[in-house]
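Engineer: My questions will all concern the structure given below.
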Amino acid sequence: MHLRGMGAGSAGDGRFDEYVAARGQSLLRFAYVLTTDPHTAEDLVQSALADAYRHWRRVSRADHPDAYVRRMIVNKYLGWRRRRWFGEVPTDRTADAAPVVADHAEAVAARDESRRALDSLPPRARTVLVLRYYADLDDAAIAELLGIATSSVRATASRALATLRAAGFGTPVTQKEIS
């Protein structure tokens, strides 16, 4: 991952560059699962890291800087989804899809089905499922990250899973299956 404008200089205690080098790919994968678009994911991560850079002293002092930055990514994602132009019409084909190697066809099909399933959900429901199944957070951690009650997390997850099942999608995939 190359983050334009990141990595030169230091912020706060000088550990920002180390943080980006160590956690950048993980944050990018997290954002990709949220957005299912590599370009949007990179934009979200870059924007969140730019904000983290500006406030690095506060971010680095947090109990869990990674959770702090993930929250920034989630907030940016939810804001982006609210402002997004919904005139786009999703199709089964993607313009930039790479040729599929026959040996990987089932894995690619499963990933594509997962992306379509996540795309069918409202942003909040999608975020809850990604945090639960990809980031492997418990309901309390998700509630804290999103600033909602744990009962809201459970209800949102339950409704999202019911929606996916009703639409014919299987159980959400785990991080292990995505990587």
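Residues in the sequence shown are numbered consecutively from 637, following the working numbering. A virtual CB, placed ideally from N, CA and C, is assigned to each residue, including glycine.
1) Can you tell which of 802, 763, 804 and 667 has its C-alpha closest to the C-alpha of residue 784?
2) Three-state secondary structure (DSSP) at residue 785?
3) Note down the Cα distance separating residue 774 from residue 740, rounded to an integer number of angstroms.
4) Tell me whether residue 804 sits in a helix, a strand or coil according to DSSP, three-state version.
5) Here's the rule I'm using: 16 or more other beta-carbon atoms within 10 Å means buried, otherwise exposed. How should residue 751 be labelled?
6) Short of 7 Å in beta carbon distance, which residues of its chain neighbour residue 674, apart from the five on each side in sequence? Order them along the chain.
7) What residues in its chain sit with their C-beta under 7 Å from that of residue 707, if we drop five residues either side in the sequence?
8) Beta carbon of residue 763: closer than 6 Å to some heavy atom of the ligand NAP?
9) Buried or exposed: which applies to residue 694, given that a residue is buried once 16 or more other Cβ atoms fall within 10 Å of its Cβ?
10) Round the Cβ separation of residue 666 and residue 709 to the nearest angstrom and send it over; I've been treating them as touching at under 8 Å.
11) Would you tell me roughly how many angstroms separate the C-alpha atoms of residue 677 and residue 792, rounded to the nearest one?
12) When the Cα of residue 671 is compared with those of 705, 744, 691 and 759, which residue comes out closest?
13) Quick check: the Cα distance between residue 711 and residue 743, rounded to an integer number of angstroms?
14) Our contact map puts residue 663 next to residue 705 with C-beta atoms below 8 Å; I'd like the distance itself, whole angstroms only.
15) Check residue 675 in the structure and name its three-state DSSP category.
16) Alpha carbon to alpha carbon, what distance is there between residue 699 and residue 754?
Structural biologist: Short version:
1) Considering only 802, 763, 804 and 667, the residue with the shortest C-alpha distance to residue 784 is 763.
2) Residue state, collapsed to three classes: coil.
3) Each residue's alpha carbon lies about 31 Å from the other.
4) Assigned with DSSP and collapsed to three states, residue 804 falls in coil, not helix or strand.
5) Buried, by the Cβ-count rule.
6) So the qualifying residues of the chain are 668.
7) So the list reads 781, once near-sequence residues are dropped.
8) No copy of the ligand NAP appears in this structure; indeed no ligand is present at all.
9) Sixteen is the threshold: since fewer than 16 other Cβ atoms of the shown chains lie within 10 Å of the Cβ of residue 694, the residue is exposed.
10) Between residue 666 and residue 709 the beta-carbon gap is near 7 Å, inside 8 Å, which marks them as a contact.
11) One alpha carbon belongs to residue 677, the other to residue 792, and they sit about 23 Å apart.
12) For the residues 705, 744, 691 and 759, the minimum Cα distance to residue 671 belongs to 759.
13) Rounded to whole angstroms, residue 711 to residue 743 spans 30 Å at the Cα level.
14) Correct: roughly 6 Å between the Cβ atoms.
15) Reduced to three states, the DSSP call for residue 675 is helix.
16) Roughly 30 Å separates the two Cα atoms.
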